[in-house]
Amino acid sequence: MAPMQNMVVADAQHIGFVSAGRVPLRRPDNDLRGLVPAPGWDARYDWAGWLAPTATPRDRDPARGWIASANQRIHGPQYPHFISSEWAPPYRQQRIERLLAARPLHSLDSLASIQADLLSTATQRLLPFLRQAHSVHPLAPAAQHALEGFEGTMAAERAAPLIFMAWVRQLTWGLFADDLGEALFMEQMARRSFREALEGVLDRNDTSWCDDLGSPAVETCAEQVDAAFTRALDELQTAQGDDVSQWRWGQAHQARLEHRPFSSVPWLARWFELRSPVGGDAFTVNASRVSLRPDAGSGELYLGDHGAGLRALYDLGARKRSRFIHSSGQSGIVFSADYRNLNERWSRVEYLPLWGDGRPGRILELEPR
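Quick note: to get this note's numbering, add 18 to the position in the sequence shown (first position is 1).
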């Protein structure tokens, strides 16, 4: 049994989307829906067969002229079958749709700019709370000044994304660590961002979550927002100094191409591991998921732990115009000049021709000893 895959396909005349794979049919009284292990002795959790292959979500030649897929929910509310309850938040897919709909005809260059897009619309629900944060920290005025005009573009060379993300991390800790327990919270931070939960608590002004169980007082959500801002400034002052104008998101948020096993050996990691400062977050089209848990080896925060290993633009009418890039290099041999020769281009969202001119650049000869 293979897991389901969302497959987007195209040729010179048609475009399509199909969700391929075997989907178990769950009974209406199955209240676990695959989220946790089910008691095997209870028949209501037995699968009731398989969804017919032609009944999975699909799309073919939509009138809008394009298909966007970013791990979001792939069916509407009227779809009769249960597929999953764990989907990516819709921010990336909605941003892609807006950019695609912004012009009647796209080129490879305009599609490349979409792949490079760094606007995180997910920030826009939380930014109003951060802008209202109060702190007696000496760097608070400079930090609020750095946030002026920031609408969620997670650019590597700016301070505002770093301030925002540090505040989000500290606030997430302040709201949920005491309720979940520190050990469970730290374990979950490696797997999920808590972003939707954080948004919900602040939108509802839910004091049951905002109250710190470790203190006799009853903290409000506004107090937690303020305290998280102060802790974030302490953290960033220690990490990047006293001059807020010199803080950089890309200094902390580096795409880390981990080598297994040598990334866990500090003196070998600098040879085998690839790093590059990048923008973005988990919710930008140019996705670069942010680790909110300190790195197990170095203790660093905000390293990028997931992103686009391959980017490609295909022109199906003129294949030689197609472009690609991948994140590391053309060789797996660490001392080869090609071990990391594509990494900088990848971090800048640049491309290479998918088809070359046919002339060999170099010849590698393997000779037995």
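Don't be surprised by glycine CBs; every beta carbon is placed ideally from N, CA and C. In this text the structure is predicted, and so the values were computed from the model without any measurement.
One Cα belongs to ARG311, the other to GLY58, and the distance between them is close to 35 angstroms. No Cβ-Cβ contact shorter than 7 angstroms links ASP135 with VAL27. Between the alpha carbons of LEU148 and GLN258 lies a distance of about 20 angstroms.
In terms of Cβ geometry, ILE85 and ASP77 form a close pair [threshold 7 angstroms]. Shown here, ASP64 sits in coil according to DSSP, grouped into three states, outside any helix or strand. Under DSSP, ASP77 shares a beta bridge with PHE35.
Check the Cα spacing between GLN255 and each of LEU360, PRO156 and LEU118: the tightest is with PRO156. Of the residues assessed, MET25 falls on the exposed side of the cut-off, its CB having fewer than 16 other CB atoms within 10 angstroms. Residue pairing of VAL27 in beta bridges, as defined by DSSP: GLY34.
Each of PRO55, ALA38, THR72 and GLY83 was checked against the Cα of GLN31, and the nearest Cα belongs to GLY83. Look at THR256 here: in three-state DSSP terms it is helix. Taking the CA atoms as reference points, ALA174 sits about 12 angstroms from TYR320.
Under the three-state reduction of DSSP output, GLY298 falls in the coil class, being neither helix nor strand. Within the stretch 204–264, the complete alpha helix (DSSP H) segments of 4 residues or longer fall at 213–222, 225–228 and 239–258, listed in chain order. For SER306, the pairing in a beta bridge is given by DSSP as GLY325.
Beta-bridge partners of PHE342 (DSSP): ALA330 and LEU370. ALA119 sits exposed, since fewer than 16 C-beta atoms from the chains shown fall within 10 Å of its C-beta.
Spanning the alpha carbons of ASN359 and GLY298 requires a straight line of approximately 22 angstroms. Rounded to whole angstroms, the Cβ separation of TYR109 and ALA140 is 5 angstroms, and the two are in contact under 8 angstroms. Counting C-beta pairs with one atom in each stretch, the stretch 220–239 and the stretch 156–166 have fewer than three that are closer than 8 angstroms, which means they do not touch. As the crow flies, the alpha-carbon of GLN269 is around 26 angstroms from that of PHE342. Counting C-beta atoms within 10 angstroms of its own C-beta, TRP105 has fewer than 16 neighbours from the protein chains shown and is therefore classed as exposed.
A contact between stretches requires three or more CB pairs, one per stretch, nearer than 8 angstroms, and the stretch 175–192 fails this requirement with the stretch 278–291. Where GLN272 is concerned, there is no enclosing alpha helix (DSSP H), although the beta strand (DSSP E) around it starts and stops at 272–275.
Contact annotation: LEU328 and LEU129 have beta-carbon atoms that are not nearer than 7 angstroms. For ARG44, the enclosing beta strand (DSSP E) starts and ends at 42–44. Residue environment analysis places LEU193 among the buried positions, since at least 16 neighbouring C-beta atoms fall within 10 angstroms of its C-beta.
The Cβ neighbour count for HIS271, taken over all protein chains shown within 10 Å, is at least 16; the residue is labelled buried.
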